[in-house]
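Heads up: the protein sequence lines correspond to chains C and Y, in order.
One point on numbering: in numbering that gives the first Met the number 0, the residue at position 23 of the first sequence is 22, and numbering is uninterrupted.
One point on numbering: in numbering that gives the first Met the number 0, the residue at position 33 of the second sequence is 32, and numbering is uninterrupted.
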Amino acid sequence: MKEYLLGKIADLPEGKGRAFVAGNKTVAVFRSNGKIYAVANRCIHKGASLCDGVLSNDGKVLRCPWHNWPFDLETGGHCLDPSERLRTYQVKIDGDAAILCV
Amino acid sequence: MNESRHTGYAELERAEAIKPDPIDPRIRTMEVIDTDFHFTPPWDTIRGYLKEPFKSLLFHFPVGGLEYNPEPANEKPGVGQDTHGTAATGADVIAILDQFGTDIVVLNPGYNRPQSIFNEPVIAAIAAAHNDYLIEEVFPVSDRIKANLMICHRDPQMGADEIRRVGHHRQFVGVYSSFSSLYEPLGNAKYDPILDAMRDFDLVLTAHSEGFFPHFSPLWTGARTWIELFGNAPAGNAMAHLAAMIVQGMFDKYPAQKVIFQEGGYWWIPDLMLRLDDFYLGAAGDIALVERKLAAGERKLHKMPSQYILDNVRFSTQPITMPKNRKHFAWLLELCHAADLFCFSSDWPHQTMDPANWVVENPDCIPEDMQRKLLSGNARKLYARL
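So this is what it looks like as structure tokens:
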């Protein structure tokens, strides 16, 4: 596993997604309710960019921008069938910065 | 909470913020023809092209059936089914084509429920206004824009008149109709005036799911959910209309007529082909009683029923259903003769939209030559005017 600097936490918009390339992975990063989440950017359904998705359910659920598939932001599991799962990545906090572990 | 670390981050490699293109880059290297893209100019624009007395009386699109939308639309009041946006002008269309890597589009009307209206002159007036707007303001923007012309299918003579009025325009490549909200199936002989007119202009008949509510079936009157109404109903209706086209002799009378079914699914094609052939071999007697066979003095079809599907019928791909088991997906495509019968479609901007990625991202099931046929080759063979 390798650590990558995402940047200052304050630069990550609350409730919005942003995509980052870290090594050979593209990751969608969300800041929601004071926490930073990271999931694989490609939707497992039909390949949409999840960084363009919308947060719902008080910021706990990420909905795909193409077909509305809902994923638990914490676990990456589909809300109706957790066996359908996005890969999630750990994000560490170092002072005012967010560190992505991939 | 996120785990904390305190080792200092200045030495770390930075992750690069990007704006990913969700469209597979291979799509942008291949010709893509989208056979189902809904174009929805504002009602006031269409109204500007309406003839009187319709212009003075139709202040809104006269919704004929109950409005019913997918879940995402309920969170965006006012967008209706157009959850991915609205293309209202030719420039809008070109911008969306470029976004999705599409070269040529066949527009379908966004006001795609006219046959649900129980007033034939109103349907015909809206169809004419839509067609005139395309001719005057949309087609001149780019030759990449083609369209299915709108007609009143419920009144075959009105439908035929509209085809003869505007069918000469080369950017119309087909005629838009529906298989969900007509009382009698598209294969019925009452629609022959429409087919006579289409034959004169070499236009493809587009049989699109429409209205969601197959109005005339009590089964769907009892349905309550989007899944029942839009997930399942179109397939059953598409099968019924296609069977009628074949066994009521439509293709025997119009052997050159091509039909493309849209949004009716495809997984049922092998069953329909086998079942039609089996029933034909054992119980073909009443085919002699259909109008076209009585008029022709014939007692049977010219071919086996399944052969008409191979010769005359194509299927747009959206919404594509992909079994997770790779062998099953490959077999299903083979059973459906997908390499020759499938034409790519996105159905933009509706909620079940399919970008073209899936065509190139399953090379174990869809080899490269088949990818090219699905993305554009089959459509080029289908539409004489492309």
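Even glycine gets a Cβ: it sits at the ideal position worked out from N, Cα and C.
Since we're looking at a predicted model, the values are computed, not measured.
Item: Endpoints, alpha helix (DSSP H) assigned at Leu-194 of chain Y; Value: 191-200
Item: Partner residues on chain C for His-5 of chain Y, Cβ-Cβ distance less than 7 Å; Value: Asp-93
Item: Tyr-110 of chain Y, DSSP secondary structure in three states; Value: coil
Item: CA-to-CA distance, Pro-354 of chain Y to Gly-33 of chain C, given in whole angstroms; Value: 34 Å
Item: CB of Met-244 of chain Y within 8 Å of CB of Leu-185 of chain Y, strictly; Value: yes
Item: Cross-chain neighbours of Asp-353 of chain Y in chain C, by beta carbon under 8 Å; Value: Lys-45
Item: Distance, Leu-288 of chain Y Cα to Thr-39 of chain Y Cα; Value: 42 Å
Item: Residue-level contact to chain Y via CB, Leu-4 of chain C, 8 Å cutoff; Value: yes
Item: Neighbourhood of Asp-51 of chain C by C-beta distance below 7 Å, restricted to the same chain and skipping five residues each side; Value: Gly-16 and Pro-64
Item: Interface positions of the stretch 265-294 of chain Y facing chain C (Cβ-Cβ less than 8 Å), listed along the chain; Value: none
Item: Proximal residues to Pro-12 of chain C (C-beta, below 7 Å), its chain only, five neighbours per side dropped; Value: Arg-30
Item: Phe-117 of chain Y (DSSP reduced to helix, strand or coil); Value: coil
Item: Interface residues of chain Y facing Leu-79 of chain C [CB-CB closer than 9 Å]; Value: Per Cβ cutoff of 9 Å: no residues; Leu-79 of chain C is ~12 Å from chain Y at best.
Item: Cβ neighbours of Ala-96 of chain C in the same chain (closer than 8 Å, five flanking residues each side left out); Value: Leu-4, Leu-5, Gly-6, Lys-7 and Ile-8
Item: Nearest-angstrom Cα separation, counted from Gly-376 of chain Y out to Leu-300 of chain Y; Value: 30 Å
Item: Where the beta strand (DSSP E) through Asp-20 of chain Y begins and ends; Value: No beta strand (DSSP E) contains Asp-20 of chain Y, which DSSP labels as neither H nor E.
Item: Chain Y contacts from the stretch 12-40 of chain C (Cβ-Cβ distance under 7 Å); Value: Arg-17, Ala-18, Phe-19, Val-20, Ala-21, Thr-25, Lys-34, Ile-35 and Asn-40
Item: Nearest neighbour of His-349 of chain Y, chosen from Y:Thr-28, Y:Gly-47 and Y:Pro-108 [CA to CA]; Value: Y:Pro-108
Item: Any 3 or more C-beta pairs closer than 8 Å across the stretch 16-28 of chain C and the stretch 9-20 of chain Y; Value: yes
Item: Ser-48 of chain C at chain Y interface by Cβ criterion, 8 Å; Value: yes
Item: Backbone CA spacing between Pro-120 of chain Y and Leu-85 of chain C [nearest angstrom]; Value: 52 Å
Item: Rounded C-alpha distance that separates Ala-21 of chain Y from Arg-27 of chain Y; Value: Before going on, a small fix: residue 21 of chain Y reads as Pro here, not Ala. Taking the straight line joining both Cα atoms gives about 12 Å.
Item: For His-327 of chain Y, three-class secondary structure by DSSP; Value: helix
Item: 3 or more residues per run - each beta strand (DSSP E) lying fully within the stretch 283-330 of chain Y; Value: 312-315
Item: Burial state of Asn-56 of chain C, where buried means 16 or more other Cβ atoms lie within 10 Å; Value: exposed
Item: Buried or exposed by the 16-neighbour rule on C-beta atoms within 10 Å, applied to Ala-226 of chain Y; Value: The amino acid occupying residue 226 of chain Y in the given sequence is Ile; Ala does not appear at that position. Exposed, because fewer than 16 other Cβ atoms sit within 10 Å of the Cβ of Ile-226 of chain Y.
Item: Neighbouring residues, chain Y, relative to Val-90 of chain C (Cβ below 9 Å); Value: Asn-1 and Glu-2
Item: Residues of the stretch 56-68 of chain C whose Cβ lies closer than 9 Å to any Cβ of chain Y, in chain order; Value: Arg-62, Pro-64, Trp-65, His-66 and Asn-67
Item: 6 Å Cβ shell around Met-352 of chain Y - same chain, five flanking residues per side excluded; Value: His-83, Ser-345 and Asp-346
Item: CA-to-CA distance, Arg-143 of chain Y to Val-137 of chain Y, given in whole angstroms; Value: 11 Å
Item: Gly-166 of chain Y - DSSP class collapsed to helix/strand/coil; Value: coil
Item: Beta-bridge pairing of Arg-379 of chain Y - partner residues as DSSP gives them; Value: In DSSP, Arg-379 of chain Y forms no bridge with anything.
Item: Alpha-carbon spacing of Leu-332 of chain Y relative to Glu-2 of chain Y, whole angstroms; Value: 48 Å
Item: Coil, strand or helix - Ala-151 of chain Y by DSSP; Value: Contrary to the premise, residue 151 of chain Y reads as Cys rather than Ala in this sequence. Note: Cys-151 of chain Y maps to coil in three-state DSSP.
Item: Pairwise C-alpha distance: Asp-368 of chain Y and Leu-65 of chain Y; Value: Because the pLDDT of Leu-65 of chain Y is 46, which lies under 50, any placement of that residue in the model is unreliable, and the question is left without a value.
Item: Rounded distance between the beta-carbons of Gln-261 of chain Y and His-207 of chain Y, thought under 8 Å; Value: 4 Å
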